[in-house]
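Per the numbering used here, the very first residue in the sequence shown carries number 132; after that it's consecutive. Where a beta carbon is used, it is the ideal one built from N, C-alpha and C, also for glycine. From a predicted model like this one, the values you see are computed outputs, not experimental measurements.
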Amino acid sequence: MVRSRRARRIREPHVEPINHLIDRIAHETGNSRLPYLDPTVGGVEAELLYVLKAREADADPDRDGVRFLSLDNDDVGAAIMFESAASNGIRRERCAAWNICPFPIVGSNPSSWELQQSVPYHVELVKLLPRLRVVVLLGRPARDGWSSRRFGVPRDVAVVAGASSARPGIYTPANRQSFESAMRRAAELLT
């Protein structure tokens, strides 16, 4: 019920440009079942961009119906992000989520080739986010994939890196602390 209501909203003005980009990525890469940006987030009005490695369970192309890049997804990583964003006062209307590889990857981490293929899509996404103030890179693949590229992000946009909220890594104390520290810093930068 909730998913079908959200699916009807993927063309709302605040998310349509990003979801149109996702449609184009799907067409150009031959992956017709990419997850759309959740319409409950800020979309093109986002001030904060979460950059993750790749899709998780709820965004799985084998799942029926429309899938979403969402803090409400049915996986541990999304639940932890949801809780941390809420506890740090980061409202979903101020955020958007994206994957360092916006299409399915072959292995467990994006290859150099996959990262290079994703560059034009990141550059276009950044152009769609005129209010962007903070980029939060969650996980080593996101951090490493971003580090040498920056994708046209203006210099005054803060970039914060932390561990991924996904398992199994999030269950180690050091990774949990790294993740929570990044979320706290992002919240501070938004104030």
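Out of curiosity, what's the CA-to-CA distance linking A188 and D206?
Here the model assigns A188 a pLDDT of 42, short of 50, so the residue's position is not dependable and the matter cannot be decided.
Note the first and the last residue of the continuous beta strand (DSSP E) segment covering A294.
Premise fails: A294 is in no beta strand (DSSP E) and is neither H nor E.
V265 and L179 - do their beta-carbons sit closer together than 8 Å?
Against a cut-off of 8 Å, the Cβ pair of V265 and L179 comes out as a contact.
What residue ranges within the segment 181-262 form continuous alpha helix (DSSP H) runs of no fewer than 4 residues, ordered along the chain?
207-218, 243-258
DSSP three-state label for L74, please.
Beyond the ends of the chain as shown, which are 132 and 322, falls residue 74; an answer cannot be given.
Below 7 Å, is the gap between the Cβ of A228 and the nearest heavy atom of the ligand ADP?
With respect to small molecules bound, the structure shown includes none, and the ligand ADP cannot be examined in it.
For a quick check, are the C-beta atoms of L152 and F234 less than 8 Å apart?
No, they are not a contact pair.
Just grab the DSSP bridge partners of L165 for me.
The partner list for L165 (beta bridge, DSSP) is empty, contrary to what the question assumes.
Comparing C-alpha positions only, which one of L168, A157, V133 sits nearest to I149?
L168
Nearest to F199 by alpha carbon, out of F282, A228, R316?
A228
Using 10 angstroms around the beta-carbon of S243, count the other beta-carbons present and answer buried if the total reaches 16, otherwise exposed.
exposed
Specify the secondary structure class of V284 as computed by DSSP and reduced to three states.
It is coil, neither helix nor strand.
Considering only their Cβ atoms, is the gap separating Y181 from C226 smaller than 8 Å?
With respect to the 8 Å criterion, C226 and Y181 are classified as neighbours on the basis of their beta carbons.
Just to confirm, are R137 and P170 a CB contact at a threshold of 8 Å?
yes
Measuring straight from C-alpha to C-alpha, what distance separates A294 and R271?
The C-alpha of A294 lies about 7 Å from the C-alpha of R271.
Mark T303 as exposed unless 16 or more other C-beta atoms lie within 10 angstroms of its C-beta, in which case mark it buried.
exposed
What number of angstroms, rounded off, separates the C-alpha of D275 from the C-alpha of I301?
Going by the C-alpha atoms only, they are around 18 Å apart.
Got a sec? Which residues, its chain only, sit under 6 Å from E224 by beta carbon, not counting five neighbours each side?
G173
The alpha helix (DSSP H) with V133 in it runs from where to where?
133-138
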